[in-house]
Amino acid sequence: MNLLRELIFPLIAVVAAFFVGGILILVIGDNPLQAYGLLFGSAFSWPVGIGYTLFYATPLIFTGLAVLVAFRCGLLNIGAEGQLYIGAFATAWVGITFAGLSPWLLIPLCFIAATLGGGMWGAIPGVLKARFGSHEVINTIMLNFIAVALLSYFTQYHYKTPGDPIMQTVPIGEGAHIARLGRFIPGLPEFIPLNLAFVLALICCGLVYLFLWRTKWGYELRATGTNPSAAEYGGISVRKQIIVAMTISGALAGMVGINEVLGYRYRYYDGFSDNYGFTGIAVALLGRNHPVGVIISALLFAILQRGGIPVDAFTEHVTKDIVQVLQGTIILFVAAEAFFRGPFAKYGLLKRSKV
Amino acid sequence: MAEIFTISLIWSTIRLTTPLILAALGGMFSERSGVINIALEGMMLAGAFTAAAVTYAFGSPFVGLLAGMGAGLAIAAILAIACIRYRADQVVTGTAINILMIGVPGFLSGAFFLSSGSTPQIPKEHLIPWTPIVIAFALVPIAWYVLYKTPFGLRLRSVGENPEAADAAGVPVARMRYAGVLLSGILAGIGGAYLSIGQSSLFTRNMTSGRGFIALAALIFGKWRPVQTMLACLLFGLTEAVTIQMQGVVKLPSGEDIPVQFIHMVPYLLTIIVLAGFIGSSRPPKAIGIPYQKER
């Protein structure tokens with residue numbers, strides 16, 4: 001019953017969003033069934049559709065986990081966008097600067113750089129909140145913009161190939177490349193950028209679960225999120241927990257850089273993130289702030305992203321903007337869950353849970 | 356340096372400040388009533404797109420401006436109903452609206468104008484380059500008066516500071532918050548409309564490019580007060596104007612352009628510093644972000 005209750009509202013929110021999207025498609029004169037058919041058909045085709053869907057899911061799992069960890073500590077991290085940029089640039093910097101090293105040394109260094117970079121950028125709003133009490137939401141928004149400006153400066157003035165019209169750094173050393181999954185899976189072509197970072201993302205889901213629900217530190221972090229004053233009374237330093245949670249959160253977001261830089265483009269590309277950080281909020285929220293839920297909802301959003309391309313190409317009027325419309329509507333419905341709780345409670349289908 | 360600080364810089368500052376003032380004053384009404392408004396960006400985009408589309412269709416910028424206000428209002432209504440009626444998380448709802456508003460204008464322009472996210476060019480005689488500027492600067496004293504000298508303003512501030520006490524004193528908390536959020540939608544809608552049918556002559560994809568967030572920063576930098584917020588907007592407008600003027604004119608001794616990125620950072624850095632209390636303290640309304648539930 002409990003599990004059902006956990007599942008039912010996210011499910012209703014998704015269905016309702018597709019319904020709203022369908023009406024919009026109908027209004028502008030296209031067939032919603034055809035559009036949705038294209039969307040899911042392309043996302044589930046083997047090998048290209050599935051390969052790309054899993055590739056798109058990878059950054060969303062990382063950012064979803066990032067938002068989840070902060071949320072469990074009672075913090076809203078809307079700075080995953082900035083943290084993942086810093087992580088990506090850090091990993092690219094190591095990959096460029098130490099290009100000559102053996103892969104056995106270089107790849108771990110690159111991983112550490114991504115994690116540390118993102119973690120450090122996440123720690124800043126954590127420290128600001130713990131030390132000065134300033135709201136993490138505002139600070140993370142501001143730090144997103146600062147990260148973008150800072151990295152655009154470094155890319156443009158220090159790490160670009162001279163004369164390159166594209167805002168991207170020079171390539172990283174080949175020793176820093178991580179394998180694409182096509183090398184291990186028969187039938188999956190290697191041009192699909194799905195890479196080992198996807199496996200890492202799944203491992204991180206397991207680790208986050210173990211950390212939060214099976215360790216003392218995780219317990220302290222969650223206790224802070226549930227009731228900070230009780231936690232403080234019980235001898236937990238709330239300030240420390242805030243900093244720890246934001247650092248871990250940032251580190252997880254930073255790992256997006258591993259997928260992007262080490263497994264896909266092999267360089268830092270300015271402005272690469274397609275709102276991964278913000279979609280991460282939706283992923284965590286729809287996934288009920290649980291690692292398994294994060295995987296499922298990351299897959300859903302990845303399907304939308306992948307499926308948006310053929311919808312754009314093969315319908316008369318619908319553009320790929322339908323993806324953002326659906327995403328936004330899903331978050332809206334998940335956030336305003338009480339909207340659906342009302343009728344349910346009214347007809348006695350579900351007891352109103354204590355908020 | 357002298358070639359930068361000219362009359363044209365002043366004009367450019369005023370033009371760049373106008374949308375910020377409109378959105379920031381809007382945000383002020385919403386946040387003073389206790390509802391965090393990070394959806395200013397989305398509201399501006401809605402206003403910008405609708406104003407351009409309607410002006411193009413009807414050939415009248417005033418109808419367009421009204422439509423832009425209406426679009427901002429409609430988006431604000433979503434935020435208000437979700438956060439006040441259904442007690443949804445205000446930040447999450449705001450984020451949802453921002454994502455939604457990246458998509459909706461592109462979706463509609465794809466359908467109506469067969470374009471990929473922009474409206475057709477609007478003829479010059481159908482633009483309103485002046486009215487929104489006048490509205491923006493005239494609104495500052497009006498907002499001050501409304502907020503501090505009218506019963507409405509007192510009530511609005513009271514539900515943002517201490518909704519329980521306000522409720523006990525008979526102030527309708529939900530209604531005041533609806534008023535605050537809806538006002539923010541109207542003002543941000545004008546701000547957006549100014550971008551598309553005042554400053555420019557069409558809507559382009561994501562044309563606000565973060566101005567909603569700069570307005571939010573100015574609001575915090577201005578400590579949620581109208582006059583200080585206007586000054587913060589002017590400061591941020593000036594930094595943007597300077598970066599535009601500097602490009603290609605002022606060079607470093609090495610002959611390279613001065614990196615504009617560092618100037619772009621200024622508003623955001625200042626906001627963090629002010630929020631941390633290094634330059635005076637900026638204290639948000641006490642009950643901001645907390646949904647209010649009447650005791651039964």
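So the protein lines, in turn, are chains A and B.
All residue numbers for the first sequence refer to this note's numbering, where the first residue is 1 and numbers rise by one.
All residue numbers for the second sequence refer to this note's numbering, where the first residue is 356 and numbers rise by one.
All residues carry an ideal CB built from backbone N, CA and C; glycine is no exception.
With distances taken Cα to Cα, identify the nearest neighbour of residue i among the options.
i      : options                           : result
B/G414 : B/Y647, B/R560, B/I369 and B/H481 : B/H481
B/F633 : B/P646, B/F576 and B/Q602         : B/F576
B/I436 : B/L380, B/K641, B/P475 and B/V390 : B/V390
A/V261 : A/Q168, A/L143 and A/G277         : A/Q168
B/V528 : B/W485, B/G515, B/S473 and B/L586 : B/G515
A/G79  : A/M120, A/P47 and A/W46           : A/M120
B/L557 : B/S513, B/P460, B/V446 and B/A443 : B/P460
B/P416 : B/P484, B/F384 and B/L469         : B/P484
B/I439 : B/A534, B/T598 and B/T361         : B/A534
A/E174 : A/V256, A/D270, A/G263 and A/K240 : A/G263
B/A587 : B/A523, B/F360, B/T368 and B/L364 : B/T368
B/G540 : B/N392, B/F360 and B/I365         : B/N392
B/I365 : B/L590, B/G567 and B/A443         : B/L590
B/P478 : B/S555, B/G423 and B/G525         : B/S555
A/D30  : A/L332, A/D312 and A/R341         : A/D312
A/A321 : B/G567, B/P646, B/R560 and B/S388 : Checking the displayed sequence, the identity of residue 321 of chain A turns out to be Asp instead of Ala. Per the Cα distances, B/R560.
A/G21  : A/Y36, A/I8 and A/F9              : A/Y36
B/E595 : B/R566, B/W579, B/T584 and B/Q583 : B/R566
In the DSSP assignment, the alpha helix (DSSP H) including residue i goes from what residue to what residue?
i      : result
B/D522 : P518 to A523
B/Y441 : That residue, B/Y441, is in no alpha helix (DSSP H); it is neither H nor E in DSSP.
A/D312 : P291 to F314
B/R638 : Where B/R638 is concerned, there is no enclosing alpha helix (DSSP H), given that its DSSP letter is neither H nor E.
B/V526 : Counting along the chain, B/V526 falls outside any alpha helix (DSSP H), and DSSP gives it neither H nor E.
A/I178 : Taken as a continuous stretch (DSSP letters only), A/I178 belongs to no alpha helix (DSSP H), as it is neither H nor E.
B/A570 : R566 to F576
B/W485 : Note, B/W485: premise wrong, no alpha helix (DSSP H); not H, not E.
A/F278 : Y276 to L286
A/Y219 : K216 to T226
B/T387 : Here residue 387 of chain B is Arg; the residue named in the question, Thr, does not match the sequence. That run of the alpha helix (DSSP H) goes I362 to R387.
B/Y623 : Q616 to L630
B/T474 : B/T474 -> no alpha helix (DSSP H), and no H or E assigned at all.
B/M456 : Q445 to F467
A/F40  : P32 to A43
B/F413 : L395 to F413
B/T584 : P581 to M601
A/A251 : V238 to G254
B/M424 : P416 to A435
Is it true that the CB of residue j sits closer than 8 Å to the CB of residue i?
i      : j      : result
B/G427 : B/M456 : no
B/I430 : B/A466 : no
B/A573 : B/L371 : no
A/V69  : A/V208 : yes
B/P475 : B/Y411 : yes
A/V238 : A/P228 : yes
B/A631 : A/F145 : no
B/N517 : B/K649 : no
A/A253 : A/L84  : yes
B/A548 : B/A406 : yes
A/P59  : A/N275 : no
A/A335 : A/L286 : no
A/T115 : A/V256 : no
B/V495 : B/P614 : no
B/G381 : B/A543 : yes
A/L221 : A/C73  : yes
B/G458 : A/V323 : yes
B/I599 : B/G423 : no
B/I454 : A/I112 : no
A/I178 : A/I242 : no
A/T155 : A/Y266 : no
A/F55  : A/P171 : no
B/R510 : B/V526 : yes
Any chance you could list the alpha helix (DSSP H) runs of at least 4 consecutive residues sitting entirely within the stretch 71-104 of chain A, in chain order?
-> For the stretch 71-104 of chain A, the full-length alpha helix (DSSP H) segments reaching 4 residues or more read 80-97 along the chain.
Indicate whether the contact test is met: 3 or more Cβ pairs, each with one atom in the stretch 125-134 of chain A and one in the stretch 98-116 of chain A, closer than 8 Å.
-> Taking one beta carbon from each stretch, the stretch 125-134 of chain A and the stretch 98-116 of chain A have fewer than 3 pairs nearer than 8 Å; the two do not touch.
Taking three-plus beta-carbon pairs below 8 Å as touching, is the stretch 135-153 of chain A in contact with the stretch 616-631 of chain B?
-> Contact between the stretch 135-153 of chain A and the stretch 616-631 of chain B is present, because at least three Cβ pairs lie under 8 Å.
Between the stretch 295-303 of chain A and the stretch 189-197 of chain A, do at least 3 Cβ pairs fall closer than 8 Å?
-> With a cut-off of 8 Å, the stretch 189-197 of chain A and the stretch 295-303 of chain A do not count as touching, because too few Cβ pairs lie within range.
Complete runs of the beta strand (DSSP E) confined to the stretch 151-211 of chain A [at least 3 residues] = Listed in chain order, there is nothing to give.
Tell me, please, whether the stretch 303-311 of chain A touches the stretch 320-331 of chain A by the rule of three or more beta-carbon pairs shorter than 8 Å.
-> Flag = yes, the stretch 303-311 of chain A and the stretch 320-331 of chain A touch.
Every unbroken alpha helix (DSSP H) inside the stretch 528-552 of chain B [4 residues or more] = Taking 4 residues as the minimum length, the alpha helix (DSSP H) runs contained wholly in the stretch 528-552 of chain B are 528-549, in order along the chain.
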